[in-house]
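Using the numbering used here, the letters of the sequence shown correspond one by one to residues 9 to 159. Glycine included, C-beta positions come from ideal geometry on N, C-alpha and C. From a predicted model like this one, the values you see are computed outputs, not experimental measurements.
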Amino acid sequence: MSMFADMPTESEIEQLYEQFCELDQEQGVIDVKTMAELMVKTTDRSDWSPDCVKKLLDECDVTPCEEYEFEDFLQILTVHRRIETSKKILESLQQADEDNTGFLSADVIEEKMQEFEKSFHEEDIHFWIEEDAVNEDGLIDYRRFVETYTK
């Protein structure tokens, strides 16, 4: 599990639940099309389609069905946030990789990660890296790092 706050806060969950209830027509469930509408309302993307939602549901291991509960919505929202966080971190690290080698020092990763998480320190890097992600020069395969960190 990533250290980032991918899960919504309690107050955010309350707001999300209100938005869910506005669309669920007092049934307690919504269909995929309505889930896509809710994702448009609650994320910074405006291009959500039922197919996009289905892909996220697959990643969440949610059993495909006709109707989904609020907890299912929270799951796909969390997965979406994790994916977006992963993309932003990877983009930041790629920009720091001036030689385009795919490897960075722990110091550079720490510096870039602190842009996302102020309390991030070098010890955190060592916690999140896998042994085989470090090359013979002691540099870290930052793609593997991001993959592990945002799981």
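Item	Value
For G36 and M11, the rounded distance between their alpha carbons	Here the model assigns M11 a pLDDT of 48, short of 50, so the residue's position is not dependable, and the following value carries that caveat. Cα-Cα distance, rounded: 31 Å.
Beta-carbon spacing of F111, I84 below 8 Å	no
Distance CB(V154)-CB(I97) smaller than 8 Å	yes
Selected residue, minimal CA-CA separation from K62, among C73, I137, T50 and K159	C73
Stretch pair the segment 88-107 + the segment 20-40: three plus CB contacts closer than 8 Å	no
Alpha helix (DSSP H) segment containing Q122, residue limits	A114 to Q122
Assigned secondary structure, F128 (DSSP; H/G/I helix, E/B strand, else coil)	coil
Assigned exposure category for T93 - 16 Cβ within 10 Å defines buried	buried
Inter-residue Cα distance where the pair is K120 and I91	18 Å
Start-to-end residues for the alpha helix (DSSP H) that takes in K49	V40 to T50
Of the residues Y25, D59 and S113, the one placed nearest H134, counting alpha carbons only	S113
Supposed contact pair V87 and C68 - C-beta distance, whole angstroms, cut 8 Å	5 Å
Integer-rounded CB distance, given that A44 should sit under 8 Å from S57	6 Å
Neighbourhood of M9 by C-beta, 8 Å cutoff - its chain only, sequence neighbours within 5 removed	Bear in mind that a pLDDT of 38 at M9, under 50, signals an unreliable position, so the number given afterwards is only what the model happens to contain. Excluding positions up to five away in sequence, the list reads K159.
Cβ neighbour criterion (16 or more within 10 Å) applied to D32	buried
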